[in-house]
Amino acid sequence: MSIIVYIEHIEGAIKKTSLEAASYASALAEQQGVDAKGVVLGTVSEDQLASVGTAGLSTVYHVNDDQLNAGVIQAHAEAVAQAFEKAGADTLILAKSSLGDAVAARLAVKLDAGYISNVVALPSTSGTYTVKRSIYTGKAFAESEITKTNKILGVKKNAVPLKTDGAPASVEALEVNLSEGAFAAKITSIDKANDEIPLPEADIVVSGGRGMKGPENWNLIEDLAKALGAATGCSKPVSDSGWRPHHEHVGQTGVKVAPTLYVAVGISGAIQHLAGVNASKYIVVINKDPEAPFFKAADYGIVGDAFEVLPKLTEAIKAVK
Amino acid sequence: MKILVCITHVPDTTSKIQFTDNNTKFDKTGVQYIIGPYDDYALARAVELRDQTGGKLTVLNVGEAETEPTLRKALAIGADEAVRINAEPTDAFFVATQIANHAKEIGYDMILMGRESIDFNGGMVHGMVAELLGMPSVSPVMKLDLEGDTAKIAREIEGGKEYLEIKLPFVAGCQEPIAEWKIPNMRGIMSARSKPLQVQELSGDVVATKTVAYEMPPAKGAVKLIDSNNVQELVELLKSEAKVL
Ligand SMILES: Cc1cc2nc3c(=O)[nH]c(=O)nc-3n(C[C@H](O)[C@H](O)[C@H](O)COP(=O)(O)OP(=O)(O)OC[C@H]3O[C@@H](n4cnc5c(N)ncnc54)[C@H](O)[C@@H]3O)c2cc1C
Ligand SMILES: Nc1ncnc2c1ncn2[C@@H]1O[C@H](COP(=O)(O)O)[C@@H](O)[C@H]1O
């Protein structure tokens, strides 16, 4: 038996969350005394493919078909199912993402597998196979048992430390047969903001709320983000008012982030916002109201006016970088 | 046009989550239940599309009798009929099998769901149903328009959007801003009382996972407050404790 990881890339660059999933898979493989492999779909360079080995994978199957560069859900599911078979795998690991979730759900049926998402730790495999996952949008955890032979685990960020000391993986070309129906959903165009760090991937996130007063003040958020090497986010009313694009909205109904550091500026800390950030390792809150509920969820807080604090903080960070 | 919207009956987003029976059962005491927020988006768009094309809009929940007020609310918002499949929804694969078996009998043109439920956040039921029915699936959907038998869809991807065209039938997991949530009005609430709500028994009993215990996250320590005139102290903490600098 072996473990296989569905690895995503952004225009040929392997995603960091996928490397985390690969690290999870290699830790699990070690626990079970089996081999962990990966599968990559679409156009990716040999170097990028082999780099997946740093996270502990022995082999990557590469399906070099440019029709798979875009996230065609059904086609990806069919290709990954064939890689799963080829590897003789009984476990599929993937990082949570908008594409990964959609692909894995189809695979659960194709592979007749038990699928658990939002996994936060390695499974316990002595006796029954149980795994810990985050539920109620981060407000609790569940210990869930998988009763099928085949298993799919959707891994949340920070579930295991990133492994970086593995040897380059050997790359094997894999041919797959895709059905005609696999391309029934036709992607007509893609509209993507360039040169920014994608929010769900970011290790540091700086978010602004209604306390920032208007879009004209976002340079303060962006300057701090730049100094920290962070992605920018916002609260829901901010994206609802069109101050920021929708894909930056963090929370229960938006993006869920799990960075090492989350900085919230002028955000009150409503429970729906907290639901999207409670998996962060460290939280900094900057708010002029000492009673703002966000301080209860924070590690570090500054009570003060964002318009005064942000420029000072940005300068102080630039000075040490 | 026959549209199906699958809705969850979930604790209100502000609910305090607690467990009983030695952390093996969700504590329902004092919990307000709502239509899942993403399901509410799917329902709102489905009402608009039904009004535009005519036909019938069915809402479905896999759940026990306690979920009926939530189904009635969906009827008040504008669904034409409701179906409850009488079972405790313990596992996504089990729920998906129930939905797919029902859908096979009726032959819906479009099945809309929420991008994810807010209790277990799996985001998996729509993909499973689509695979079981051999239909395309797409999620998370932010925009959905119909032109004849083709849907024009915008799907959220990291840092942007992807535009797609799909021929009916298909399954979609929806999120904002696909439509504005609809609040039931008095007439809706009155008419919901007489709209049909059918209870169906199970059709298949396959389970792939089961939850054995729950756990609360460790309590957060108190916040370290830093004087706004001394941001240097924060920088030091980010360096020495959080190790991000
Ligand atoms: C079903 C549902 C789902 C929701 N989902 C989400 C979600 O996913 N994400 C989300 O964010 N919200 C969500 N909300 C909305 C949420 O309840 C809050 O309304 C929202 O998060 C508030 O945004 P805010 O903190 O930016 O604004 P406010 O609540 O208006 O807070 C502004 C804060 O800025 C502070 N402030 C003002 N001026 C300054 C200054 N000069 N310097 C420093 N601080 C200042 C104030 O003290 C205040 O704390 C949802 C609501 C519902 C009902
Ligand atoms: N018990 C259920 N009854 C009806 N629909 C459901 C049920 N559970 C999940 N769904 C639908 O599937 C979507 C995704 O749910 P989940 O996979 O649990 O995150 C939800 O937003 C609903 O539209």
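So the protein sequences, as listed, match chains V and G. According to the numbering used here, the residues represented by the first sequence are 1015 to 1335, in order. According to the numbering used here, the residues represented by the second sequence are 1299 to 1543, in order. Beta carbons: idealized from backbone N, C-alpha and C, even for Gly. Note that this is a predicted model, so its numbers are computed, not measured.
Beta-carbon proximity of residue i to residue j, cut-off 8 Å
{"i": "Pro1214 (chain V)", "j": "Ser1111 (chain V)", "result": "yes"}
{"i": "Gly1275 (chain G)", "j": "Ser1415 (chain G)", "result": "Any property of residue 1275 (chain G) remains undetermined from this structure, which presents chain G solely from 1299 to 1543."}
{"i": "Leu1108 (chain V)", "j": "Val1185 (chain V)", "result": "no"}
{"i": "Ala1198 (chain V)", "j": "Ile1464 (chain G)", "result": "yes"}
{"i": "Phe1155 (chain V)", "j": "Glu1460 (chain G)", "result": "no"}
{"i": "Ile1331 (chain V)", "j": "Ala1241 (chain V)", "result": "yes"}
{"i": "Ile1476 (chain G)", "j": "Arg1348 (chain G)", "result": "no"}
{"i": "Ala1119 (chain V)", "j": "His1400 (chain G)", "result": "no"}
{"i": "Gly1026 (chain V)", "j": "Ser1065 (chain V)", "result": "no"}
{"i": "Asp1338 (chain G)", "j": "Lys1493 (chain G)", "result": "no"}
{"i": "Thr1073 (chain V)", "j": "Ile1017 (chain V)", "result": "no"}
{"i": "Ala1050 (chain V)", "j": "Val1019 (chain V)", "result": "yes"}
{"i": "Val1303 (chain G)", "j": "Leu1410 (chain G)", "result": "yes"}
{"i": "Gly1290 (chain V)", "j": "Val1264 (chain V)", "result": "yes"}
{"i": "Val1021 (chain V)", "j": "Val1054 (chain V)", "result": "Correcting the residue identity first, residue 1021 (chain V) is Ile in this sequence and not Val. Taking 8 Å as the Cβ cut-off, Ile1021 (chain V) and Val1054 (chain V) qualify as a contacting pair."}
{"i": "Asp1115 (chain V)", "j": "Met1426 (chain G)", "result": "no"}
Beta-ladder partner(s) of residue i, from DSSP
{"i": "Arg1382 (chain G)", "result": "G:Asn1359, G:Val1497"}
{"i": "Val1019 (chain V)", "result": "V:Gly1052, V:Ile1107"}
{"i": "Leu1442 (chain G)", "result": "G:Ile1451"}
{"i": "His1424 (chain G)", "result": "His1424 (chain G) is not bridged to any residue."}
{"i": "Glu1215 (chain V)", "result": "Glu1215 (chain V) is not bridged to any residue."}
{"i": "Ile1464 (chain G)", "result": "G:Ala1449"}
{"i": "Arg1147 (chain V)", "result": "V:Val1133, V:Ala1156"}
{"i": "Pro1309 (chain G)", "result": "G:Tyr1331"}
{"i": "Leu1523 (chain G)", "result": "V:Gly1315"}
Contact set for residue i: own chain, Cβ-Cβ below 8 Å, skip 5 residues either direction
{"i": "Thr1509 (chain G)", "result": "Thr1388"}
{"i": "Glu1531 (chain G)", "result": "Ile1524, Asp1525"}
{"i": "Asn1132 (chain V)", "result": "Lys1110, Arg1147, Ser1148, Ile1149, Gly1168, Lys1170"}
{"i": "Glu1362 (chain G)", "result": "Asn1384, Ala1385, Glu1386"}
Cutoff 6 Å; reference residue i; Cβ partners in own chain excluding five residues on either side
{"i": "Leu1543 (chain G)", "result": "Leu1536, Lys1537"}
{"i": "Leu1275 (chain V)", "result": "Ile1218, Tyr1296"}
{"i": "Thr1068 (chain V)", "result": "Thr1178, Gly1180"}
{"i": "Arg1258 (chain V)", "result": "Cys1248, Val1252"}
{"i": "Val1505 (chain G)", "result": "Asp1389, Phe1392"}
{"i": "Thr1365 (chain G)", "result": "His1307, Asn1359"}
{"i": "Ala1428 (chain G)", "result": "Ser1435, Val1469"}
{"i": "Ala1540 (chain G)", "result": "none"}
Beta-carbon contacts of residue i that lie in its chain and below 7 Å, excluding the five residues immediately before and after
{"i": "Leu1369 (chain G)", "result": "Val1357, Asn1359, Ala1380, Arg1382, Leu1495"}
{"i": "Lys1323 (chain G)", "result": "Phe1317"}
{"i": "Glu1499 (chain G)", "result": "Asn1384"}
{"i": "Gly1318 (chain V)", "result": "Ile1300, Lys1302"}
{"i": "Glu1346 (chain G)", "result": "Ala1477"}
{"i": "Asp1126 (chain V)", "result": "Lys1162, Asn1164"}
{"i": "Glu1236 (chain V)", "result": "Thr1246"}
Buried or exposed (CB count within 10 angstroms, at least 16 for buried), residue i
{"i": "Asn1301 (chain V)", "result": "buried"}
{"i": "Arg1453 (chain G)", "result": "buried"}
{"i": "Ala1517 (chain G)", "result": "exposed"}
{"i": "Asp1313 (chain V)", "result": "buried"}
{"i": "Gln1350 (chain G)", "result": "exposed"}
{"i": "Pro1467 (chain G)", "result": "buried"}
{"i": "Gln1096 (chain V)", "result": "buried"}
{"i": "Gly1128 (chain V)", "result": "buried"}
{"i": "Ile1481 (chain G)", "result": "exposed"}
{"i": "Arg1485 (chain G)", "result": "exposed"}
{"i": "Val1497 (chain G)", "result": "exposed"}
{"i": "Ala1449 (chain G)", "result": "buried"}
{"i": "Val1117 (chain V)", "result": "buried"}
{"i": "Thr1202 (chain V)", "result": "exposed"}
{"i": "Lys1227 (chain V)", "result": "exposed"}
Residue-level contact to chain B via CB, residue i, 8 Å cutoff
{"i": "Val1317 (chain V)", "result": "The structure shown contains no chain B; its protein chains are V and G."}
In chain order, what are the residues with a CB under 5 Å from some non-hydrogen atom of ligand 1? V:Gly1223, V:Arg1224, V:Gly1225, V:Ser1249, V:Lys1250, V:Pro1251, V:Gly1265, V:Gln1266, V:Thr1267, V:Gly1268, V:Gly1280, V:Ile1281, V:Ser1282, V:Ala1284, V:Gln1286, V:His1287, V:Asn1301, V:Lys1302, V:Asp1303, V:Ala1306, V:Asp1319, V:Ala1320, G:Thr1311, G:Pro1335
Mind listing, in chain order, the residues whose beta carbon lies closer than 7 Å to a non-hydrogen atom of ligand 2? G:Cys1304, G:Ile1305, G:Thr1306, G:Gly1334, G:Tyr1336, G:Asp1337, G:Ala1340, G:Leu1358, G:Asn1359, G:Val1360, G:Gly1361, G:Pro1387, G:Ala1390, G:Val1393, G:Ile1397, G:Met1411, G:Gly1412, G:Arg1413, G:Glu1414, G:Ser1415, G:Phe1418, G:Asn1419, G:Gly1420, G:Gly1421, G:Met1422, G:Val1423, G:His1424, G:Gly1471
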